[in-house]
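**Student:**
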């Protein structure tokens, strides 16, 4: 498994990230796709989101 959680494309990785944001009703937080996918091959979507927004980790 790769270090990004097994995602083979940045589109799939970004879709997973958007689902995480959607669970918190905060889709607006991940609108800047290019900024989010810049490191998609080295980070799982959960870590990317919760490292940026730790206040949502335990919701």
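Numbering (the working numbering), first residue to last: 22 to 80. Each residue gets a CB set at the ideal place from its N, CA and C atoms; glycine is no exception.
Roughly how many angstroms lie between the CA atoms of residue 30 and residue 78, to the nearest whole one?
**Tutor:** Each residue's Cα considered, the two are about 25 Å apart.
**Student:** Counting only the same chain and skipping the five closest in sequence on each side, list residues whose C-beta sits under 7 Å from that of residue 41.
**Tutor:** Contacts found: 66, 67 and 70.
**Student:** Would you grab the beta carbon distance between residue 45 and residue 80 for me? Rounded to a whole angstrom, and I think it's under 8 Å.
**Tutor:** With a Cβ gap of about 6 Å, residue 45 and residue 80 count as contacting.
**Student:** Along the chain, where does the alpha helix (DSSP H) that runs through residue 43 open and close?
**Tutor:** Unbroken alpha helix (DSSP H) run through residue 43: 31-44.
**Student:** Please list the terminal residues of the continuous alpha helix (DSSP H) segment that includes residue 75.
**Tutor:** Counting along the chain, residue 75 falls outside any alpha helix (DSSP H), and DSSP gives it neither H nor E.
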